[in-house]
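Chemist: One point on numbering: in our numbering, the residue at position 18 of the sequence shown is 25, and numbering is uninterrupted. Where a beta carbon is used, it is the ideal one built from N, C-alpha and C, also for glycine. Predicted, not measured: the structure shown is a model, and the values here were computed from it. The structure that follows is given in the form of structure tokens.
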Amino acid sequence: MVIAADVNAVSTMAIIAAIVLWALAAIVVIAAVTLVAWNFLRGRFFVRPNVRAFTAIGWTLVGAPILIVMLETTGRNGVTAALGIGDGEPAHPLEFWTIAPFFATGVTVGLIAVAFRRGIRLQQEKVALEKETEGLV
8 MVIAADVNAV
18 STMAIIAAIV
28 LWALAAIVVI
38 AAVTLVAWNF
48 LRGRFFVRPN
58 VRAFTAIGWT
68 LVGAPILIVM
78 LETTGRNGVT
88 AALGIGDGEP
98 AHPLEFWTIA
108 PFFATGVTVG
118 LIAVAFRRGI
128 RLQQEKVALE
138 KETEGLV
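Set out below in structure tokens:
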């Protein structure tokens with residue numbers, strides 16, 4: 008076990024923030040998926056809460072991993088500097104590939120949110136047309 012003394016506060020806070028952000032991202036995604044599942048079980052598909060939930064899932068899956076990698080890199084660079092083994096290094100390209108599936112999933116869920124938003128608009132247009140044509144036949 009290696010103990011790094013004199014790690015600066017920014018690096019320590021970055022590591023803590025990365026851990027907290029992982030937990031918050033998981034909670035947001037779980038809560039949003041639960042809301043969507045609840046609405047689907049009730050037969051409510053094209054409603055605004057589902058669009059908001061899909062949007063929250065999408066942005067969380069796109070933004071959180073990027074921020075987490077940045078925070079972890081900042082923290083790791085501070086620890087390596089405190090250990091005296093270098094001033095740090097940029098994020099390794101391999102780290103990008105670890106978050107790429109989250110990013111792709113987030114973009115996909117965002118597109119699903121757009122489709123659901125369009126579905127809501129189509130339902131509203133259908134109701135408006137039905138009211139317009141009521142009694143014409």
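Whether or not the region 101 to 108 and the region 70 to 86 are in contact is what I'm after, with contact meaning three or more pairs of Cβ atoms, one per stretch, closer than 8 Å; do they touch?
Modeler: The region 70 to 86 vs the region 101 to 108: in contact.
Chemist: What residue does the alpha helix (DSSP H) around L129 start on, and which one ends it?
Modeler: Looking at the DSSP string, the run of the alpha helix (DSSP H) that includes L129 is P100 to T140.
Chemist: Is G65 helix, strand or coil by DSSP?
Modeler: Here G65 sits in helix by DSSP.
Chemist: Would you identify the three-state DSSP class for I26, choosing helix, strand or coil?
Modeler: I26: helix per DSSP, three-state reduction.
Chemist: Could you pull out every residue in the same chain whose Cβ sits closer than 8 Å to the Cβ of V54, ignoring the five residues on either side in sequence?
Modeler: Around V54: N46 and I127.
Chemist: Taking 6 Å as the limit between beta carbons, can you name the residues of its chain near V116, skipping five residues before and five after?
Modeler: Excluding positions up to five away in sequence, the list reads F61, I64 and G65.
Chemist: So, under 8 Å CB-CB, V58 and F123 are touching, yes? Tell me the CB distance rounded to an integer number of Å.
Modeler: Sure, about 5 Å apart at Cβ, within 8 Å.
Chemist: How big is the Cα-Cα spacing for G82 and Q131?
Modeler: Cα to Cα, G82 sits roughly 50 Å from Q131.
Chemist: Can you name, in chain order, every residue of its own chain whose Cβ lies under 7 Å from the Cβ of I106, other than the five neighbours on each side?
Modeler: Excluding residues within five positions, the ones whose Cβ falls inside 7 Å are P72, I73 and V76.
Chemist: Straight-line CA distance for V17 to A39?
Modeler: The alpha-carbon atoms of V17 and A39 are separated by roughly 32 Å.
Chemist: Take the Cβ of G113 as the centre, count every other Cβ of all protein chains shown within 10 Å, and call the residue buried at 16 or more, exposed below.
Modeler: G113 is buried by the Cβ-count criterion.
Chemist: Mark T41 as exposed unless 16 or more other C-beta atoms lie within 10 angstroms of its C-beta, in which case mark it buried.
Modeler: With fewer than 16 other Cβ atoms within 10 Å, it is exposed.
Chemist: Exposed or buried, which one is A25 when buried takes at least 16 other CB atoms within 10 Å?
Modeler: Result: buried.
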